[in-house]
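**Q**
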Amino acid sequence: MDKWVVIDGNSVANRAFYALPPLRNTQGLHTNAIYGFTTMLLRLIEEENPTHLAIIFDAGKINFRHTQYANYKGGRAKTPPELSEQFPVLKQLLTELKIAQFELEGYEADDIIGTLSKRADTDKFALTIVSGDKDMLQLVSDHVTVALTKKGISETEKYTPDYVREKYGLAPLQIIDLKGLMGDTSDNIPGVPGVGEKTALKLLYDYESVEGVLANVDQLKGKLKENLITHADDATMSKALATIYREVPMQMPNGQAAFQGIHAEGAYQMFRKLEFKSLMEKFAGGSVARTEPQSELKWQWVQTPEQFDALALQLEQVQGVYIEIVGENPHQSEVVGLALSTSELSYFISADRFEDDGFKLVRAWLENSNVKKNIYDAHKAQVALHWMAGIQLAGIAIDPLLAGYLIDPTDVELSLSGLAQHHLAIAIPSDENVYGKGAKFVLPEIQVLGAHLCQKADTLAKLSPVLEAKLAELNMISLYFDLELPLSTVLANMEIQGISVKSETLKAYGEELAVSIAQLESDIYASAGGPFNINSPKQLGEILFDKLQLPVIKKTKTGYSTDAEVLDKLAHRHPIVSLILTYRQLAKLQST
């Protein structure tokens, strides 16, 4: 049997926008609504396994209800530009994912969904509606389930006819009467003044519908009776406004909404553009990308003198070198090993073998400027190898990190796995998948480590000529070999050489900064009317927006935003803001 899942696009995107803190990619596009919507969508697909999937959007702000009530949805706050700019991109993403989307001028998404729900009842197929709008509960039936988003969009609460009765004591269609009596401020549906949910439910328990309540108004007393008589027309109109129209003249063909799975290549490219790294990795081995299993790679862990001798004979055939460095700062990082790849075999040398006699020939080869080598992140490798083993790395040819950046400076995934996926359509395990991340980072056993490094060296060997060809195609060969690559080596040597400083002068400057920071603290406290923790976003927000009543620029999930962008916009509003900006700059300088 068909199993449809339909998502109320505007509702879920809105909830995602306000549920997640502000996110932007390096191009300045806000992405929190897109990211929240997408993660919810992927989770839903996994949980529901639908045969048909569609996203329904509102088409414009005017629909047929405005002819019934001109102030319908009047007073609703204007959509923030940070959200409105995300809708075209979200729709483009859905197109790339091969997910159907529908909208129709003059109707709300609710009405299109309601029309489909009527079809589900008639044709007896299962339909799940995902929305944050309780109006949808009127559509619940034996064939239609409504999943209301809660906790932002991280969870949903599924409503069946029995659950609607358990929750409200009403049949699903009575949800319309509930809205008719109590109104809905979000849609500017008036309802009856003084009638909230509790009163409306009691009235419906006794009289079943708006019409039943109005027919029995003489049995009521006091202000409630007076309001129902005075606003009877409002109650009737409100019920009509809250009723989802189920006869939208729109076809939604089964074939168009049939779901065959996410289009992995489209997903990967869009997630790359949006800089959703975790989602990129999820689709790195999809329908277009091919995965090269580690088990197919021939490699050897070089340990004995005989193995080093055999490797020495193959050094001229090496096409890729990968040096594994743990840590961001190459001056303090640990080199755990290196891998060399030829067309026939890859070789892994753990760092504890760098002092072996057999490694001397490899060291000489690494230091030979006349032998060209393809090395990923050569700048970092040069610095780390110098401090770790005194190796003067030379003869660098293609550095995929540097070449990849020149080819596409907007590429946010310049890791070897990211470059391989982008330029070769090869999926290899990312370091995060092999080592873990943050507190969970741990080097695996030596066999796993060796296989991983050899696969990276092998991938690097395949990637380097492709990148060199693209540099040539873009007329960047001279830029790369004559400017960028030599400059990278110069910078590495400068870092290794370092500079001489007068410690006493630095100390004196630090003391000057401390005095200036203390004075700024005093000035800030005076402007604020008392001391507080300047480095606490929560306390700073309370001072700026609650006490000093500065305009709120944006909010985070936990309260007011006080980031640099916000403070820059407020600098002309109050002297304290300029003081705080200067304080932050000096504090940052002091910490370095």
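Each step along the sequence shown adds one to the number in numbering that gives the first Met the number 0, with nothing skipped, and position 475 is 474. Every residue gets a Cβ at the ideal spot worked out from N, C-alpha and C, and that includes glycine.
1. Could you tell me if residue 485 is buried or exposed, where buried requires 16 or more neighbouring beta carbons within 10 angstroms of its beta carbon?
2. Starting from the N-terminal side, write out each stretch of the alpha helix (DSSP H) that is 4 residues or longer and does not extend beyond the region 174 to 233.
3. Taking the straight line between their C-alpha atoms, what separation do you get for residue 143 and residue 197?
4. With C-beta atoms as the reference, is residue 1 less than 8 Å away from residue 38?
5. Find the nearest neighbour of residue 134 within the set 175, 421 and 126, judged by alpha-carbon distance.
6. DSSP on residue 237, reduced to helix/strand/coil?
7. In the DSSP assignment, what are the bridge partners of residue 307?
8. With distances taken from CA atoms, which of 129, 168 and 138 is nearest residue 156?
9. Three-state secondary structure (DSSP) at residue 51?
10. Excluding the five sequence neighbours on either side, which residues of its own chain have a C-beta within less than 6 Å of the C-beta of residue 15, listed in chain order?
11. Quick check on this structure: which residue in 258, 355 and 584 has the alpha carbon closest to the alpha carbon of residue 41?
12. From the DSSP output, read off the bridge partner residues of residue 555.
13. Looking at C-alpha atoms only, which residue of 124, 161 and 318 is the closest neighbour of residue 375?
14. Mapping the DSSP letters down to three states, classify residue 479 as helix, strand or coil.
15. With burial defined as no fewer than 16 other Cβ atoms inside 10 Å of the residue's Cβ, what is the status of residue 87: buried or exposed?
16. Out of curiosity, what's the CA-to-CA distance linking residue 297 and residue 452?
17. Is there contact here, the region 539 to 549 with the region 508 to 521, by at least three beta-carbon pairs under 8 Å?
18. Starting from residue 299, trace the beta strand (DSSP E) in both directions and tell me its first and last residue.
19. In this structure, what does DSSP give as the bridge partners for residue 257?
20. According to DSSP, is residue 152 part of a helix, a strand, or is it coil?
21. Considering residue 337, what are the terminal residues of the beta strand (DSSP E) in which it resides?
22. May I ask you to report which of helix, strand or coil DSSP gives residue 134?
23. If residue 336 sits next to residue 459, beta carbons under 8 Å apart, how far is it from one beta carbon to the other, in whole angstroms?
24. If you run the structure through DSSP and keep just helix, strand and coil, what is residue 614?
25. Are there 16 or more other CB atoms within 10 angstroms of the CB of residue 381, so buried, or fewer, so exposed?
26. What residue from 513, 528, 537 and 551 has the CA that sits closest to residue 581's CA?
27. So is residue 57 buried or exposed if we call it buried at 16+ other beta carbons inside 10 Å?
28. In this structure, does DSSP put residue 465 in helix, strand or coil?
29. Which of the three DSSP states is assigned to residue 142 in this structure?
30. Just mark residue 454 as buried or exposed, buried being the case when its beta carbon has 16 or more other beta carbons within 10 Å.
31. Quick one, which of 94, 84 and 19 has its alpha-carbon nearest residue 26's?
32. Just the C-alpha distance for residue 498 and residue 489, rounded to the nearest angstrom, thanks.
33. CA-CA distance, residue 417 and residue 241?
34. If you follow the alpha helix (DSSP H) that residue 83 is in, where does it begin and where does it stop?
35. Taking Cβ to Cβ, would you say residue 594 is nearer than 8 Å to residue 401?
36. Excluding the five sequence neighbours on either side, which residues of its own chain have a C-beta within less than 8 Å of the C-beta of residue 292, listed in chain order?
**A** Based on what the coordinates show:
1. Taking the sequence shown and counting its residues from 1, one reaches residue 485 at position 486. Residue 485 is exposed by the Cβ-count criterion.
2. 196 to 206, 209 to 214 and 221 to 229
3. On the sequence shown, residue 143 is found 144 positions in, with the first residue counted as 1. On the sequence shown, residue 197 is found 198 positions in, with the first residue counted as 1. Using only the alpha carbons, I get a separation of about 26 Å.
4. As a first step, residue 1 is located in the sequence shown; it is residue number 2 there, counting from the start. As a first step, residue 38 is located in the sequence shown; it is residue number 39 there, counting from the start. Cβ distance not < 8 Å, so residue 1 and residue 38 don't count as in contact.
5. One-based indexing of the sequence shown puts residue 134 at position 135. With distances taken between Cα atoms, residue 134 lies closest to 175.
6. Taking the first residue of the sequence shown as position 1, residue 237 is located at position 238. Looking at residue 237 - three-state DSSP - the assignment turns out to be helix.
7. Here residue 307 corresponds to residue number 308 of the sequence shown, with the count starting at 1. DSSP, once it has assigned bridges, lists no residue as partnering residue 307.
8. Working through the sequence shown from its first residue, we reach residue 156 at position 157. Checking every option, the nearest Cα to that of residue 156 belongs to 129.
9. Sequence index remark: in the sequence shown, residue 51 carries index 52 (1-based). Residue 51: strand per DSSP, three-state reduction.
10. Taking the sequence shown and counting its residues from 1, one reaches residue 15 at position 16. Around residue 15: 32, 35, 36 and 152.
11. Stepping through the sequence shown from its first residue, residue 41 is reached at position 42. Among 258, 355 and 584, the Cα nearest to that of residue 41 belongs to 258.
12. The residue labelled residue 555 in the question sits at position 556 within the sequence shown. Its beta-bridge partners are 558.
13. To locate residue 375, count along the sequence shown from 1; it is residue 376. Among 124, 161 and 318, the Cα nearest to that of residue 375 is on 318.
14. Taking the first residue of the sequence shown as 1, we reach residue 479 at position 480. In the structure shown, residue 479 sits in a helix (DSSP, three-state: H, G or I).
15. Looking up residue 87 in the sequence shown gives position 88. Exposed, by the Cβ-count rule.
16. As a position in the sequence shown, residue 297 is number 298, starting the count at 1. As a position in the sequence shown, residue 452 is number 453, starting the count at 1. Taking the straight line joining both Cα atoms gives about 12 Å.
17. no
18. Your numbering for residue 299 matches position 300 in the sequence shown. 298 to 300 is the span of the beta strand (DSSP E), which, as asked, contains residue 299.
19. Looking up residue 257 in the sequence shown gives position 258. In DSSP, residue 257 forms a bridge with 51.
20. Within the sequence shown, the letter at position 153 stands for residue 152. If DSSP states are grouped into helix, strand and coil, residue 152 belongs with coil.
21. For the purposes of this step, residue 337 is taken as residue 338 along the sequence shown, with counting starting at 1. Segment 333 to 340, the beta strand (DSSP E) holding residue 337.
22. Here residue 134 refers to the residue found at position 135 when the sequence shown is read from its first residue. Helix.
23. Here the question's residue 336 lines up with position 337 in the sequence shown. Here the question's residue 459 lines up with position 460 in the sequence shown. So it is not a contact: roughly 15 Å between Cβ atoms.
24. Nothing about residue 614 can be read from this structure; the chain reaches only from 0 to 591.
25. The sequence position of residue 381 within the sequence shown is 382, counting from 1. So residue 381 ends up on the buried side.
26. Along the sequence shown, read from residue 1 onward, the residue named residue 581 stands at position 582. When only C-alpha atoms are compared, the closest one is 513.
27. Taking the first residue of the sequence shown as 1, we reach residue 57 at position 58. By the neighbour-count rule (16 or more Cβ atoms within 10 Å), residue 57 is buried.
28. Counted from its first residue, the sequence shown places residue 465 at position 466. It is helical.
29. In the sequence shown, residue 142 corresponds to position 143, counting from 1. Note: residue 142 maps to coil in three-state DSSP.
30. Here residue 454 corresponds to residue number 455 of the sequence shown, with the count starting at 1. Per the 10 Å Cβ criterion, buried.
31. To locate residue 26, count along the sequence shown from 1; it is residue 27. Taking only the C-alpha atoms, the option nearest residue 26 is 84.
32. Counting from one through the sequence shown, the residue named residue 498 turns up at place 499. Counting from one through the sequence shown, the residue named residue 489 turns up at place 490. Near 14 Å, if we compare the C-alpha coordinates of residue 489 and residue 498.
33. In the sequence shown, counting from the first residue as 1, residue 417 sits at position 418. In the sequence shown, counting from the first residue as 1, residue 241 sits at position 242. Approximately 49 Å, taken between the alpha carbons.
34. Numbered from its first residue, the sequence shown carries residue 83 at position 84. 80 to 83 is the extent of the alpha helix (DSSP H) around residue 83.
35. The shown model of the chain, from 0 to 591, leaves out residue 594, and the question about it has no answer.
36. Walking along the sequence shown from the start, residue 292 turns up at place 293. Confidence in residue 292 is poor, its pLDDT being 38 and thus under 50, which makes the residue's placement unreliable; the coordinate value appears in the next sentence. Excluding sequence neighbours, residue 292 sits near nothing in its chain.
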